[in-house]
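Reviewing the structure listed below.
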Amino acid sequence: MSNQRRKFIKDSILASLGISLGTNIVFGHNLPEGLELIGLGESMDNQFPGKNQLMTVLNDRPINMETPAHLLNDSLTPNDLFFVRNNGLPPVNIDPTKWKLTITGESASKTKSYTISELKSKFENVSYDITLECGGNGRKEFSPPAKGNQWSVGAVGCVKWTGVRLKDVLNDVGIKSSAVYLGYYGADTHLSGDPGKDSISRGVPIAKALEEESMIAWSMNDQDLPMLNGYPLRLVFGGYPASCSGKWLEKIVIRDQVHDGQKMLGTAYRTPCSPVAPGEKVDEKDMCIIEDMPVKSLISFPKTGATIKADQLLPIAGHAWTSGREITKVEYSIDFGVSWKEATVSESTNRYAWQHFDAKVSFPQTGYYELWARATDSDGNTQPMLLPGWNPKGYLNNACHRIAVKIS
Ligand SMILES: Nc1nc2c(c(=O)[nH]1)N[C@H]1C(S)=C(S)[C@@H](COP(=O)(O)O)O[C@H]1N2
Ligand SMILES: [Mo]
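Under the working numbering, the first residue of the sequence shown carries the number 55, and numbering increases by one thereafter.
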């Protein structure tokens, strides 16, 4: 190979390395051949549009990213810090002025389509703060391990959604008395590229679809939805696994039977109808569709690993959420769950919004501590200290969140 050709290849490798680092490599020309750069750590891995570089990327095909717990400290999650769970490839070249939502199905009185501006002008515009959490959030902890995205604790967020009530639109189309379920179809494509296959097509029982807070949304925190969170239109269902909240929403079907779209059947988003031993094989017919998500909490301050001076009260903060009920109590423990103290809990802005807790914690002496948090809701549901019921696909882990701090 000529020297010139070699130099050209080296220059282009350096340029692309520079792009992935987000900066140029100043002495790159001195880099010995074959030596790998250390890199700037995971904070630079994330170069996705509209998303914070500090998000933790699990995969890039499809794109999945979660929020480190300490970056969830805001009362409403900033758009660039909201987790992303894609099953397929997001649509490209979207023209929101041409976007159409079609409502049809065997239990729809007729088939009707709406542009986004028709939705905006024809129906009452509403806003709700609603928590969305992936059904698999916390999967990483299951033992024996469960296949799927190894989410830690950050596949959750709460934002102000703006849009219209799903029920207003469904009623405008007309719902036949035979209606039992709703299904969605989005504009994303299957990973295989096969246009005949859907990446995901889930839904909710008709009663859930008709709830006050069930929405067709075009905005998060008063801005357009981020590209990766379903721009320009999506469903939002509070309290249900976020997989029900269809992104890039193009079509809704009103069904006279439980929707049988992609990831509705088999073991997807299902848990054993009655508890099983860890690792036990469960027959598909003994798996039930996940509906309400369990009560849960997250410590967003301080960051795990923080070092705090002795003789200081440590302010702690976080959020707690439950499906359709109120959080009535959040407790914390610094002695591995032997004793618990109550934190202060804020009221929720509306049903399905997460609530905030805070406390000032004192530590008896210097050393390593774990801080655990446990929420209880108005039905008396609370969180297990360690792993809850094992299930084959690793859903619904609502074990207490733990962080570590050092008092010095
Ligand atoms: N069209 C479409 N909708 C979708 C998905 C998807 O891949 N395609 N993923 C679902 C899953 S599994 C989750 S957890 C949520 C994630 O929403 P987010 O990416 O906005 O956080 O979207 C749901 N809606
Ligand atoms: Mo999900």
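All residues carry an ideal CB built from backbone N, CA and C; glycine is no exception.
- prompt: Does ligand 2 have a heavy atom nearer than 7 Å to the CB of GLY391?
  reply: no
query: Can you tell me whether DSSP reads LYS301 as helix, strand or coil?
result: coil
Exposure of ALA364, with buried meaning 16 or more beta-carbon neighbours within 10 Å: exposed
query: For ligand 2, any of its heavy atoms closer than 7 Å to the Cβ of SER297?
result: yes
message: I'd like to confirm something about CYS212: is its beta-carbon nearer than 7 Å to some heavy atom of ligand 1, or not?
response: no
Supposed close pair ILE254, ILE308 - CB separation, criterion 8 Å: In fact, because the Cβ distance is near 19 Å, the residues do not count as touching under 8 Å.
Alpha-carbon to alpha-carbon, TYR323 and TYR449: 7 Å
- prompt: Among the residues of its own chain, which have a CB less than 8 Å from the CB of LYS317, if the five just before and after it don't count?
  reply: ASN141, ILE254, SER255, ARG256, SER297, TYR323
field: Enclosing beta strand (DSSP E) for ILE117 [first to last residue]
entry: 117–120
field: CB contact flag (ASN203, ASN118, <8 Å)
entry: yes
query: Residues bridged to GLN409 by DSSP?
result: ALA374
query: Shortest alpha-carbon distance to ARG115 belongs to which of HIS244, PRO286, ILE381, GLN107?
result: HIS244
query: Where SER515 and LYS164 are concerned, what is the direct C-alpha to C-alpha distance, given to the nearest angstrom?
result: The requested residue 515 does not occur in the structure, where the chain is confined to residues 55 to 462.
message: So, for VAL40: in the same chain, excluding its five sequence neighbours on each side, which residues have a beta-carbon less than 6 Å away from its beta-carbon?
response: In this structure the chain extends from 55 to 462, so residue 40 is not present and cannot be described.
- request: From the DSSP output, read off the bridge partner residues of GLU385.
  value: GLU396, ARG428
task: Buried or exposed for TYR422, please, with buried defined as at least 16 other CB atoms from any protein chain shown within 10 angstroms of its CB.
output: exposed
task: Compare the Cα-Cα distances from MET281 to each of ASP242, THR216, GLY391, LYS305 and report the closest residue.
output: ASP242
Closest by C-alpha distance to VAL384, when choosing among VAL392, GLY378, VAL399, LYS166: VAL399
query: So which of THR376, ALA427, ARG405 has the shortest CA-CA distance to VAL210?
result: THR376
query: For PHE137, does the count of other Cβ atoms within 10 angstroms reach 16, so buried, or fall short, so exposed?
result: buried
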